[in-house]
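Colleague: Please see the structure below; I have some questions.
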Amino acid sequence: MTSIGTGYDLSNSVFSPDGRNFQVEYAVKAVENGGTAIGIRCKDGVVLALEKLITSKLLKHGANKRIATVDRNMGVVSSGLLPDGRHFVSRARDEAAEWRRFYKAPIPTSALANRMGSYVQVYTLYSSVRPFGVTSIVGGWDPESELPVDGQVGSGPSVGAGGKTEGAQHGGPFLYMIEPSGLYWGYYGAATGKGRQSAKSELEKLDLAAGNLTLEEGVKEAARIIYVAHEDSKDKDFELEMTWVSSLDGPTKGRHEEVPKELREEAERLAKKALEGDDDETDDKMEE
Amino acid sequence: MFRNNYDNDSVTFSPQGRIFQVEYAQEAVKQGSVVVGVVSKTHAVLAAIKRNAEELSSYQKKIIPIDSHYGIALAGLASDARVLSNFMKQQSLASRLTYDRAIPLSEITTRIADRAQTNTQQYGRRPYGVGLLIAGVDAKGPHLFEFQPSGVTQEMVACGIGARSQMARTYLERNLDEFDDASREELIKHALRALKESLSQDKELTIDNTSIGVGGVNENFKLYEGQEIAGWLETTFESRESAPEGGEGMEVDS
Amino acid sequence: MNHLPQAWGRPRDDVYGAYDSSHLQTSGPNQHTQSPVVTGTSVVAVKFKDGVVIAADNLASYGSLARFTDVKRLRRFNSQVVVGFGGDVSDMQYLDRLLNSLDIRENYSSASDSPLHAKNLHTYLSKVMYKRRSDFNPLWNHLLVAGLDGEQKPFLASADLLGTTFASSTLATGFGAHLAQPILRRTVPDEDSVQKVTKEQAVELVKECMKVLFYRDARSMDKYSIAVVTKEGVDLKEDEKLEKQSWAFAEGIRGYGTQIN
Chain A
0 MTSIGTGYDL
10 SNSVFSPDGR
20 NFQVEYAVKA
30 VENGGTAIGI
40 RCKDGVVLAL
50 EKLITSKLLK
60 HGANKRIATV
70 DRNMGVVSSG
80 LLPDGRHFVS
90 RARDEAAEWR
100 RFYKAPIPTS
110 ALANRMGSYV
120 QVYTLYSSVR
130 PFGVTSIVGG
140 WDPESELPVD
150 GQVGSGPSVG
160 AGGKTEGAQH
170 GGPFLYMIEP
180 SGLYWGYYGA
190 ATGKGRQSAK
200 SELEKLDLAA
210 GNLTLEEGVK
220 EAARIIYVAH
230 EDSKDKDFEL
240 EMTWVSSLDG
250 PTKGRHEEVP
260 KELREEAERL
270 AKKALEGDDD
280 ETDDKMEE
Chain B
0 MFRNNYDNDS
10 VTFSPQGRIF
20 QVEYAQEAVK
30 QGSVVVGVVS
40 KTHAVLAAIK
50 RNAEELSSYQ
60 KKIIPIDSHY
70 GIALAGLASD
80 ARVLSNFMKQ
90 QSLASRLTYD
100 RAIPLSEITT
110 RIADRAQTNT
120 QQYGRRPYGV
130 GLLIAGVDAK
140 GPHLFEFQPS
150 GVTQEMVACG
160 IGARSQMART
170 YLERNLDEFD
180 DASREELIKH
190 ALRALKESLS
200 QDKELTIDNT
210 SIGVGGVNEN
220 FKLYEGQEIA
230 GWLETTFESR
240 ESAPEGGEGM
250 EVDS
Chain Y
0 MNHLPQAWGR
10 PRDDVYGAYD
20 SSHLQTSGPN
30 QHTQSPVVTG
40 TSVVAVKFKD
50 GVVIAADNLA
60 SYGSLARFTD
70 VKRLRRFNSQ
80 VVVGFGGDVS
90 DMQYLDRLLN
100 SLDIRENYSS
110 ASDSPLHAKN
120 LHTYLSKVMY
130 KRRSDFNPLW
140 NHLLVAGLDG
150 EQKPFLASAD
160 LLGTTFASST
170 LATGFGAHLA
180 QPILRRTVPD
190 EDSVQKVTKE
200 QAVELVKECM
210 KVLFYRDARS
220 MDKYSIAVVT
230 KEGVDLKEDE
240 KLEKQSWAFA
250 EGIRGYGTQI
260 N
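Structure (structure tokens):
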């Protein structure tokens, strides 16, 4: 970054002569130092996982949850400045609640990603604010069945004249990632934070686009990937936090919840084993 | 200290992604006298050193009871803490009025943290210059939260903030395993010992410069000062010789 | 038409004269709801030693017309609270939405091991009702909150459109307050007798009340919902039908309807 110190990087919303908004780029730097966060879109649900670095022995174990629930069927995990992450979540919850008030239905994941993208973008437009110091991953399950409206009186026609198309597919698992610039994409597998490079290359190996990975496999892969990503900052302890959301028929019944302790511990055990296996391989190679 | 171009306000990131104004606000916390907090399965204890401006003046308030189930201890700008504590009192009463429920500690902590965060993202505001320890009991049992000017909050088993608090934290880390099952009296003693560690050589804990706040399961949060704490000070430090001495050679936070 | 966008699509002043905006003005003071429109009738509930039984029929009436016959007037809040609604159905739907958003907010923190209990919810709802009546814009309902309190003990209390609250071991709203309460009180006259009542007895008692209400309340129906709240959770059945009805007594009624003698 050669233009540092030329004065174009001192205020938000200012372009440099070569068309860059430096304050946004610096916000991205804040994200790159945060613990690794990933999301995997499986065929029957979404998994979110976070590498939570332990900064002090005095912290209470298992408390300080950082993957947040928005509405009932969506989760947000972010990497970067913690308080900014909470600001993001609090706005997302307001958006979801407002959507419900207006449409009497839960907000689709895509709509939430869109609204949050717009919200984050606004914080790049003015010199009176600073951009968000977080990149957030939003994962959710949009209900595939028609949900009852509150206090529903009668149910109306199931297809046809009720305005519903017969046999139309809707709902399913969705995953988006929103960056400090307000840019967002939909993903099969998303990673951000310090270990994103190695996490991304692990995600790419999974061939998620094929849509074969099940939710339970996804949980195990997510744990493994976080452990792999942690290799870069091995000197620090960390806690693995994982949440998931499935369909109404799945294990979470359409809700975004913490992955049950037993399953998480099993996934961690496998992750550690896989890592040791890798180490053995490299040892073997070195011997050769 | 160096001046750089990126530390004028809290809406400017440095090229490394840091916000200097917020980091400077954290320094204000270290200017305040030390406070510590500890929790067991049944109790939450706060202990604080009070300063006085001069010999004949009164001592500064360090522990503020907020609701009957919890209180806070502060290090840094006392007036910022007053603003936050007023807000906390208001929110706590609102919870009791609308739901007939003692506000959960995690809830009230995030509410002030969200306020603090706003001050770090908008021009024309400054971050709060105070750190808080929030301790008490709610439906889920005893809790201790740490609040920082950046808006970071963490639930802790034990914590110390303020001047020379690293010494207190070292003591707490060393005795970490004992807190969970400690009795009310033992927990208070631990808090006082941690506090003592942070004191400079020539200073002593006295009934004038020490405050203790205690909350517990089926026990309202109460602030103890003056003669009420004489007994604790006596029993805690009577066997001072045998107590573990970790002061020497420890690093002092700058 | 001129260049001013606000005039586009409106009648031209030079042809039709200036628009008489007095049509837009309403005269007199603001008025809010003066009476309910689509209504549900009684809700009955009784405490027993391990919990609470609550019931309401599935009818929403439009005046004297039995307009909707599959209306769920018992609403489960969480695993230990059910709210029963009498009165205006659209206001009930508003309250249901309110409770839904409250539930969503309560579940943000992943470990919901201290959920809002029945007493919390009743306090909240009574504040909502009282606020609205103080704004001269009441929610036209009479609600019963049934469930467990903070000590896991049976809890039953009501709140009405005036913000009045009342708690008792037996409660009924609407017509039920006149017709069902005396029956409920025969078995459960006071708080002490709650301990002697089993779940089965309580359910039978409530079903008996629903039958009497169907016999005597012209705005009631024989399809109803019934919920039992205990430590084990909420057992809510929404498609029950009154059993063993006997209308033989109707033959003996005189002085009403088309009769020969």
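Chains as they are written, first to last, in numbering that gives the first Met the number 0: chain A, 0 to 287; chain B, 0 to 253; chain Y, 0 to 260. For each residue, glycine too, the CB sits at the ideal point set by N, CA and C.
Entirely within the stretch 13–48 of chain B and at least 4 residues each: give me those alpha helix (DSSP H) ranges in chain order.
Modeller: Counting only runs of 4 or more, we get 19–30.
Colleague: Is B/S9 closer than 8 Å to B/Q25 when the C-beta atoms are compared?
Modeller: Not in contact: B/Q25 and B/S9 (Cβ atoms no closer than 8 Å).
Colleague: Could you check the C-alpha separation between Y/V45 and Y/P153 for me, to the nearest Å?
Modeller: Distance between the alpha carbons of Y/V45 and Y/P153 is about 10 Å.
Colleague: What residues match up with Y/R74 in a beta bridge as DSSP calls it?
Modeller: DSSP output for Y/R74 lists Y/V82 as bridge partner(s).
Colleague: Count Cβ pairs between the stretch 114–121 of chain B and the stretch 140–159 of chain B that sit closer than 8 Å; are there 3 or more?
Modeller: Yes, they touch.
Colleague: Taking Cβ-Cβ distances below 9 Å as the criterion, which residues of the stretch 106–131 of chain B are in contact with chain A?
Modeller: Taking 9 Å as the Cβ-Cβ cut-off against chain A, the residues of the stretch 106–131 of chain B that qualify are T109, A112, D113, A115, Q116, T117, T119, Q120, Q121, Y122, G123.
Colleague: Using DSSP bridges, identify the partner residues of B/M82.
Modeller: Correcting the residue identity first, residue 82 of chain B is Val in this sequence and not Met. According to DSSP, which records beta bridges pairwise, B/V82 is partnered with nothing at all.
Colleague: I'd like the list of long-range same chain contacts for B/I206, defined as Cβ closer than 7 Å, with 5 residues on each side in sequence excluded.
Modeller: Closer than 7 Å at the Cβ level, and outside the excluded window around B/I206, lie G225, Q226, I228, A229, L232.
Colleague: Secondary structure at A/K42, three-state DSSP: helix, strand or coil?
Modeller: Three-state DSSP puts A/K42 in coil, outside helix and strand.
Colleague: If you drop the 5 nearest sequence neighbours on each side, which residues of the same chain put their C-beta closer than 8 Å to that of Y/N212?
Modeller: Note that residue 212 of chain Y corresponds to Leu in the displayed sequence, not to Asn. Hits under 8 Å: T40, S41, V43, D56, F174, G175, L178, A179, S219.
Colleague: Rounded to whole angstroms, what's the CA-CA distance from B/I102 to Y/L120? Just pull it up for me.
Modeller: Roughly 14 Å separates the two Cα atoms.
Colleague: Check A/K56 in the structure and name its three-state DSSP category.
Modeller: Looking at A/K56 - three-state DSSP - the assignment turns out to be coil, as it is neither helix nor strand.
Colleague: Touch check for the stretch 62–73 of chain A and the stretch 243–259 of chain A: three-plus C-beta pairs under 8 Å?
Modeller: These segments touch.
Colleague: Pull up the CB-CB distance for Y/E237 and Y/K71, whole angstroms please, since I reckon it's below 8 Å.
Modeller: About 5 Å separates the two Cβ atoms, so the contact holds.
Colleague: Considering only the beta carbon of each residue, do A/A198 and A/T35 sit closer than 8 Å?
Modeller: Yes, the Cβ-Cβ distance between A/A198 and A/T35 is below 8 Å.
Colleague: Express the C-alpha separation of A/A96 and Y/V37 in angstroms, rounding to a whole number.
Modeller: Y/V37 and A/A96: Cα-Cα distance of roughly 27 Å.
Colleague: Looking at A/Q43: is its Cβ nearer than 8 Å to the Cβ of A/T213?
Modeller: It should be pointed out that residue 43 of chain A corresponds to Asp in this sequence rather than to Gln. In this structure, A/T213 lies closer than 8 Å to A/D43 by Cβ.
Colleague: Please classify A/V27: does DSSP put it in a helix, a strand, or coil?
Modeller: If DSSP states are grouped into helix, strand and coil, A/V27 belongs with the helices.
Colleague: Reducing DSSP to helix, strand and coil, say where A/E238 ends up.
Modeller: Correct three-state label for A/E238: strand.
Colleague: A/L202 to A/I225, Cα distance in whole Å?
Modeller: Distance between the alpha carbons of A/L202 and A/I225 is about 11 Å.
Colleague: To the nearest angstrom, report how far apart Y/E150 and Y/K230 are at their CA atoms.
Modeller: The straight-line gap from Cα to Cα measures roughly 11 Å.
Colleague: Grouping DSSP H, G and I as helix and E and B as strand, with all else coil, what is Y/H2?
Modeller: Note: Y/H2 maps to coil in three-state DSSP.
Colleague: Is B/E244 helix, strand or coil when you go by DSSP?
Modeller: Its pLDDT being 46, under 50, B/E244 is placed unreliably by the model, and nothing is read from it.
Colleague: If you scan the stretch 161–243 of chain Y from start to end, which runs of the beta strand (DSSP E) of 3 or more residues do you find wholly inside it?
Modeller: Whole beta strand (DSSP E) segments, 3+ residues: 164–166, 169–171, 222–229, 232–240.
Colleague: Check this for me: beta carbons of B/G16 and A/N32, under 8 Å apart or not?
Modeller: Yes, the Cβ-Cβ distance between B/G16 and A/N32 is below 8 Å.
Colleague: When you check each C-beta in the stretch 150–175 of chain B against every C-beta of chain A, which residues fall closer than 9 Å?
Modeller: The residues in question are G150, V151, T152, Q153, E154, M155, V156, A157, C158, G159, R168, L171, E172, L175.
Colleague: Who are the Cβ neighbours of B/R183 in its own chain at under 6 Å, not counting the five residues just before and after it?
Modeller: Only H42 meet the Cβ criterion.
Colleague: Around the C-beta of A/R92, are 16 or more other C-beta atoms found within 10 angstroms, so that it is buried, or is it exposed?
Modeller: Per the 10 Å Cβ criterion, buried.
Colleague: To the nearest angstrom, report how far apart A/G192 and Y/A171 are at their CA atoms.
Modeller: Cα-Cα distance, rounded: 58 Å.
Colleague: According to DSSP, which residues form a beta bridge with B/I228?
Modeller: Paired residue(s): none; B/I228 is not in a bridge.
Colleague: For chain B, check one thing: does any of its Cβ atoms lie closer than 8 Å to the Cβ of A/D282?
Modeller: Confidence at A/D282 is low in this model, with a pLDDT of 47, below 50, so its placement is unreliable and the value that follows should be read with caution. Chain B contact via Cβ: absent.
Colleague: For chain A, is any of its Cβ atoms less than 8 Å away from the one on Y/I53?
Modeller: No, because no Cβ of chain A sits closer than 8 Å to the Cβ of Y/I53.
Colleague: What does the alpha-carbon distance come out to for the pair B/A72 and B/G161?
Modeller: Near 11 Å, if we compare the C-alpha coordinates of B/G161 and B/A72.
Colleague: Could you give the DSSP three-state label for A/P82: helix, strand or coil?
Modeller: DSSP places A/P82 in helix when its eight states are reduced to three.
Colleague: With a Cβ-Cβ cutoff of 8 Å, do A/L269 and A/K219 count as a contact?
Modeller: Result yes, Cβ atoms of A/L269 and A/K219 sit closer than 8 Å.
Colleague: Helix, strand or coil: which one does DSSP assign to A/S200?
Modeller: Helix.
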